[in-house]
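At position 372 of the sequence shown the residue is numbered 372 (full-length UniProt numbering), and the sequence of numbers has no breaks.
All C-beta atoms in this analysis are idealised placements derived from N, C-alpha and C, irrespective of residue type, glycine included.
Remarks on the structure that follows.
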Amino acid sequence: MSHDSEPQPLTASPGTPLRGSLRPPGDKSISHRAMILGLLAIGETRVEGLLEGDDVLRTAAAAKALGAGIERLGDGRWTVRGVGIGGLSDPAETLDFANAGTGSRLMMGVVGGQPVTATFDGDASLRKRPMRRILDPLVQMGTQVLSEAEGGRVPLTLRGPREAIPITYETPAASAQIKSAVLLAGLNAPGVTTVIEREATRDHTERMLRLFGAEVRVTRHGEGGHGRSIALTGQPTLRGTDVIVPADPSSAAFPIVAALIVPGSEVTIEGVMMNPLRTGLITTLIEMGAEIERLREREEGGETVADLRVRASRLKGVDVPPERAPAMIDEYPILAVAAAFAEGTTRMNGLHELRVKESDRLAAVADGLTANGVAHLVDGDDLIVHGDGSAARGGGTVATHLDHRIAMSFLVMGLATREPVTVDDGAMIATSFPSFLPTMRMLGGVIQG
1 MSHDSEPQPL
11 TASPGTPLRG
21 SLRPPGDKSI
31 SHRAMILGLL
41 AIGETRVEGL
51 LEGDDVLRTA
61 AAAKALGAGI
71 ERLGDGRWTV
81 RGVGIGGLSD
91 PAETLDFANA
101 GTGSRLMMGV
111 VGGQPVTATF
121 DGDASLRKRP
131 MRRILDPLVQ
141 MGTQVLSEAE
151 GGRVPLTLRG
161 PREAIPITYE
171 TPAASAQIKS
181 AVLLAGLNAP
191 GVTTVIEREA
201 TRDHTERMLR
211 LFGAEVRVTR
221 HGEGGHGRSI
231 ALTGQPTLRG
241 TDVIVPADPS
251 SAAFPIVAAL
261 IVPGSEVTIE
271 GVMMNPLRTG
281 LITTLIEMGA
291 EIERLREREE
301 GGETVADLRV
311 RASRLKGVDV
321 PPERAPAMID
331 EYPILAVAAA
341 FAEGTTRMNG
351 LHELRVKESD
361 RLAAVADGLT
371 ANGVAHLVDG
381 DDLIVHGDGS
391 AARGGGTVAT
401 HLDHRIAMSF
411 LVMGLATREP
421 VTVDDGAMIA
431 TSFPSFLPTM
441 RMLGGVIQG
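Here it is in structure tokens:
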């Protein structure tokens, strides 16, 4: 998606039950990390099932600009010829990440720990997103911030040290991006870099570092053992390897909820990652009464995956505890849509992180619910949705604020509302789920635009 692309309004309308099978795109988190660690490894990394959305392609382009040899073989198969830790080159041009928050922040960790200088930029949405909480620990590790936009935002330029300084860092928020940036910078530190989290976040970086040959020790931390202490031994020799990318649970969330709320639907979603730090939405939906059956559980690429059979269900409101937020932070917009069709009140607690995503997602979700006649309340960092067990009214136009998950969530809503739902722009959906429209239409969904 270019920075200046024309808006593409889309309208979803209620229709027939959804039926069929699909495999969602490869997991975005794994895809970013495969490109990044392939860059830092020695030898060739072969990747299957890569998400070929704009976000990941921006990360691939950045890895190439920093020295990696990257080749697309087709059908989600790629090779990355790495340069090794300490072998990166200064990029000739600005690293343009467009809308890729994960890619930009993780790559800041890479550059911040290596003896290179690079400038980061992005589209209008990325330029609004805070980077200071990534930069603060990197500065402690020896990174120089040569320039930055107001408030530590992009465009910004970083210069990494000859060797990073190993630190122990407690993350100020439950954020896998902060943790991952520090660990990636710590790869070039002569010693142990430790990240402490009060609430465990998705652990793909730790798992993939081990896959490439790094020594990573993870122990429980804090009262109740909800936190983690992650210790990385620096300056390992990473080796190129094979990575099979499982289907993205955050993308699977949209057809899952669509099948639950469109009466008479039955959909099978294949190869979905079942990492327990990513399945908070599925746990919550089952608590709400969703009929979701796991089939053919198996291991792929170091992760447990399963096929999910989902049938239309009568949902009831539940309280979602704040400690579940890290395991479903990207899924709250689509959970709010499910809650709009549930009977009773659903309270989603502790959603501060939603305010610093591609948009202020908490405000964007609330505005979308208002536009479509759904009773709700924002109470501090909590979202409370009042459902009456019937189809929401719909009929509204939703401002997406260049946020792909807002766009997809309210298009799913429009498949089950009494009146069609329009989103003001669907162009950015390609950042994470390029096949969303044809996939939903293949299942029987009516989306026009």
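Could you pull the start and end residues of the beta strand (DSSP E) that residue i belongs to?
i: I447; result: V446 to Q448
i: H221; result: V216 to H221
i: F341; result: First-last for F341: undefined, no H or E at that position.
i: S13; result: L10 to S13
i: residue 454; result: The structure shown does not extend to residue 454, since the chain is modelled only from 1 through 449, so no value can be given for it.
i: S229; result: G227 to T233
i: V111; result: Not the beta strand (DSSP E): V111 falls in the alpha helix (DSSP H), residues G101 to G112.
i: T422; result: V421 to V423
In angstroms with no decimal places, state the Cα-to-Cα distance between residue i and residue j.
i: R127; j: A149; result: 8 Å
i: V243; j: I30; result: 9 Å
i: T171; j: A290; result: 34 Å
i: E67; j: V56; result: Checking the sequence, you will find Gly at residue 67 rather than Glu. Answer to the nearest angstrom: the Cα atoms are 17 Å apart.
i: V139; j: M288; result: 44 Å
i: D323; j: L285; result: Contrary to the premise, residue 323 reads as Glu rather than Asp in this sequence. Whole-angstrom Cα-Cα distance: 16 Å.
i: E44; j: G387; result: 52 Å
i: M442; j: L308; result: 18 Å
i: T268; j: R228; result: 34 Å
i: T94; j: R105; result: 15 Å
i: P255; j: R162; result: 47 Å
i: G15; j: P130; result: 41 Å
i: P326; j: M107; result: 21 Å
i: I329; j: V365; result: 13 Å
i: E52; j: A214; result: 27 Å
i: G380; j: V337; result: 20 Å
i: G394; j: R72; result: 42 Å
i: S409; j: G191; result: 44 Å
i: T59; j: G87; result: 18 Å
i: L39; j: A100; result: 18 Å
i: R314; j: F97; result: 41 Å
i: L187; j: D319; result: 40 Å
i: M317; j: A375; result: Sequence check: residue 317 is Gly here, not Met. Those two C-alpha atoms are separated by around 13 Å.
i: R153; j: M208; result: 28 Å
i: D136; j: A62; result: 22 Å
i: A34; j: G280; result: 24 Å
i: E303; j: E297; result: 10 Å
i: K64; j: I384; result: 45 Å
i: N275; j: R198; result: 19 Å
i: R418; j: F436; result: 22 Å
i: residue 450; j: A173; result: In the structure as shown, the chain begins at 1 and stops at 449. Residue 450 is therefore absent and cannot be evaluated.
Tell me which same chain residues have a C-beta within less than 6 Å of the C-beta of residue i, skipping the five on either side of it?
i: D203; result: L277
i: P438; result: none
i: L402; result: S125 and M428
i: D27; result: V245, P246, D248 and M273
i: H3; result: At H3 the pLDDT is 43, less than 50, meaning the model places this residue with poor confidence and gives no usable figure here.
i: P434; result: G53
Using a Cβ-Cβ cutoff of less than 7 Å, which residues in the same chain neighbour residue i once the five nearest sequence positions on both sides are dropped?
i: R210; result: V216
i: G160; result: V111, G112, G113, Q114, P115, V116 and T143
i: R23; result: A247, E270 and G271
i: P333; result: R361, V365, R405, I406 and S409
i: G344; result: K316, G317 and G387
Output yes if chain B places a C-beta closer than 8 Å to the C-beta of residue i; else output no.
i: T417; result: This model lacks chain B altogether; it includes just one protein chain.
Below 7 Å, is the gap between the Cβ of residue i and the nearest heavy atom of the ligand ADP?
i: P7; result: For the structure depicted, the ligand ADP is absent and the ligand set is empty, with no information on it obtainable.
In the DSSP assignment, what residue or residues form a beta bridge with residue i?
i: G20; result: V267
i: Q144; result: R159
i: H386; result: T345 and A375
Could you check where the alpha helix (DSSP H) with residue i kicks off and where it finishes?
i: H204; result: H204 to L211
i: I406; result: H404 to G414
i: T45; result: Careful: T45 lies outside any alpha helix (DSSP H), inside the beta strand (DSSP E) at I42 to E48.
i: L308; result: L308 -> not in any alpha helix (DSSP H); beta strand (DSSP E) instead, spanning E303 to R311.
i: R441; result: F436 to L443
Under 8 Å Cβ to Cβ from residue i, same chain only, skipping five residues before and after it: list those, please.
i: A416; result: P14, A258, I261, V262, P263, F341, A391 and A392
i: P17; result: V262, P263, G264, S265, E266, A312 and G444
i: R19; result: S265, E266, V267, L443 and G444
### Task
Only counting runs of 4 or more residues, tell me where the alpha helix (DSSP H) segments fall wholly within the stretch 150 to 200, in order along the chain.
176 to 186
### Query
Can you give, in chain order, each stretch of the beta strand (DSSP E) that sits fully within the stretch 237 to 299 and has at least 3 residues?
242 to 244 and 266 to 273
### Inside the stretch 52 to 109 only - beta strand (DSSP E) runs reaching at least 3 residues
69 to 74 and 77 to 83
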